Every structure is written in structure tokens, then in C-alpha cells.
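Quick notes on the structure that follows.
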Amino acid sequence: MLQKIISSARRVVFFGGAGVSTESGIPDFRSAGGLFAKAPEGLTPEMILSRSYFYLHPESFFDYYRSHMVYPQARPNAAHIWLSALEKKDRLRGIVTQNIDGLHKQAGNKRVYEIHGTIHENHCMDCGAFFPLKIVMEARGIPRCPHCGGVIKPSVVLYGEPLDKYVCIGARREIANADVLIVAGTSLAVEPAASFLQDFDGKHLVVINREPTPADSRASLVIRGSVAETLSGVNIE
Ligand SMILES: [Zn+2]
104 MLQKIISSAR RVVFFGGAGV STESGIPDFR SAGGLFAKAP EGLTPEMILS RSYFYLHPES
164 FFDYYRSHMV YPQARPNAAH IWLSALEKKD RLRGIVTQNI DGLHKQAGNK RVYEIHGTIH
224 ENHCMDCGAF FPLKIVMEAR GIPRCPHCGG VIKPSVVLYG EPLDKYVCIG ARREIANADV
284 LIVAGTSLAV EPAASFLQDF DGKHLVVINR EPTPADSRAS LVIRGSVAET LSGVNIE
């Protein structure tokens with residue numbers, strides 16, 4: 104069934120969440136058994152990864168961020184690689200991802216809308232200079248700009264911060280123009296990203312997720328299982 108849908112699709116858009124990255128060894132901090140257990144006493148990951156915590160306790164923020172949010176050894180899995188192959192065939196219009204790990208770009212995809220930002224872009228809050236991940240990971244305590252001494256902030260969307268307007272416009276346009284939308288590895292609990300799906304008006308909505316999602320009732324096909332295994336079983340001709 105999925106094979107048939109993909110074979111006839113011309114404008115696929117992929118909307119992915121944490122379940123795409125867990126198969127590369129990156130834990131989902133929202134799920135039970137994720138990072139909740141590892142947060143300092145009395146704090147949830149959502150509290151630490153918030154705008155206010157970043158400004159009030161930057162040193163603790165960066166300790167947590169470096170040890171729990173960034174996995175420099177992670178590599179693209181079969182799902183990322185399959186999507187990269189589909190883009191090379193000019194049949195994937197875009198990837199909209201809630202993940203900040205940059206693995207889709209690492210796999211070679213070009214049209215990636217990272218709606219929660221990426222660990223690979225970091226900027227000085229004073230002079231605006233951009234820096235790679237390395238400078239954040241190698242810093243002790245708060246990473247500082249070598250030019251002006253300002254704090255370097257990862258370009259990831261913290262709780263309490265708005266999503267980037269232009270990334271959202273691009274993502275919504277791709278979804279609106281898709282003929283097939285694959286929603287994978289997300290329970291669609293996070294707004295406003297989840298509401299992007301309402302823009303889809305194409306032929307087939309496919310949901311691949313281990314747990315039920317609010318989009319299941321609208322879907323042409325619901326697959327309960329691994330995203331990597333499911334996609335890599337589909338031939339791209
Ligand atoms: Zn600076």
C-alpha cells in the first residue's frame with residue numbers, strides 16, 4: 104500500500120518528529136524514559152530548555168544542553184537516507200522537521216525546514232557573528248564570542264520563543280502543495296507545528312508512528328512501527 108502511494112507520488116513532503124532521530128540513538132526527551140529522569144531535581148527538560156531559564160541560568164542551561172541535547176556522534180539512519188534518495192529523484196519537495204540534530208542535511212537533503220532550529224547554527228547575541236557547533240561544545244561554561252565577548256546562543260527554538268516566521272511560511276507552503284504528506288515519528292503534541300497539517304489538501308496522508316496520533320483518522324494509511332524500517336522497505340524507482 105505504501106509502495107503504491109509512493110510510486111505514484113510526485114510531490115512528497117515529509118513531516119518528522121523525534122521518532123525519526125531515536126533510531127540514530129538520539130533520545131526523545133518528551134517520551135517516558137527519555138530525559139525527564141536526567142533533569143536536575145525538580146526541573147523538567149521543558150523548564151531548562153526555556154527562554155527564561157536560558158537568561159536566568161545560562162551556565163546550567165549550557166551544561167544540560169551539551170550533555171543531553173547534542174549528540175555529535177549520531178549519524179543519519181535508513182529513514183534519512185531514503186528521504187535523501189527521494190529528493191535526488193526530484194520527488195520529495197521538502198522535509199519539515201521538529202528535530203534540531205541536523206541529520207537530514209547531513210544525509211544530503213537540501214530542502215529542509217528545521218522549524219525548531221538546529222544545533223549547527225549558533226550566533227553571538229551581541230555582534231551577530233555565526234559559529235559552528237564546535238565552539239559551543241568546546242566551551243567551558245557559557246560559550247563566548249571570540250570577537251566581542253558576547254554570549255553565543257544556539258539557534259534552536261526554546262520554550263517561550265516563537266518559531267522563525269520565514270521557516271514556517273516555507274514549511275506551510277510545501278505542505279499545501281504536496282500530493283503525499285508523510286507524518287512520521289511524532290505524536291503531533293507540539294503546537295503550532297501540528298496545525299501545519301491542516302494546510303494539506305493532497306491525495307494521501309500517511310502516518311508512521313508507534314503510538315496513535317490525532318491525524319490517524321484523516322490518514323489514507325496508518326503504519327504502527329519503525330520509521331526507518333518502514334521507509335527503507337519502499338523502493339524508489
Ligand atoms: Zn560577538
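Here my numbering runs 103 ahead of the position in the sequence shown, where the first position is 1. In this text, a Cβ means the ideal position worked out from N, Cα and C, and glycines have one as well. The model shown is predicted, which means the values in this text are computed figures rather than measured ones.
Quiz item: When we look at the beta-carbon of Glu-264 and count the other beta-carbons within 10 Å, is it buried (16 or more) or exposed?
Solution: exposed
Self-check item: Closest Cα partner of Ile-311 within the set Val-115, Lys-107, Val-123 and Ala-112
Solution: The residue with the shortest Cα to Cα distance from Ile-311 is Val-123.
Self-check item: Sheet register partners of Arg-247 (DSSP bridge)
Solution: Val-254
Quiz item: What first and last residue would you give for the alpha helix (DSSP H) that runs through Leu-334?
Solution: 330 to 335 is the extent of the alpha helix (DSSP H) around Leu-334.
Quiz item: If you draw a straight line from the alpha carbon of Ala-322 to that of Gly-244, how long is it in whole angstroms?
Solution: Computed Cα separation, rounded: 46 Å.
Quiz item: Around ligand 1, what residues have a beta-carbon under 6 Å from a heavy atom of it, in chain order?
Solution: Cys-227, Asp-229, Cys-230, Ala-232, Cys-248, His-250, Cys-251 and Gly-253
Self-check item: Helix, strand or coil at Leu-195 [DSSP, three-state]
Solution: strand
Quiz prompt | Residues of its chain near Ser-111, where Cβ-Cβ distance is below 7 Å and the 5 sequence neighbours each way are ignored | solution = none
Exercise. Report the partner residues of Phe-233 according to the DSSP bridge assignment.
Key: His-226
Self-check item: Through-space distance from Ile-218 to Gly-205, alpha-carbon basis
Solution: 11 Å
Quiz item: If you check the beta carbons only, do Val-286 and Leu-300 fall under 9 Å apart?
Solution: Contact flag set, yes.
Quiz item: Are the Cβ atoms of Ile-198 and Arg-214 separated by less than 9 Å?
Solution: yes
Quiz prompt | Distance between Ala-331 and Ala-181 (C-alpha atoms, nearest Å) | solution = Roughly 5 Å separates the two Cα atoms.
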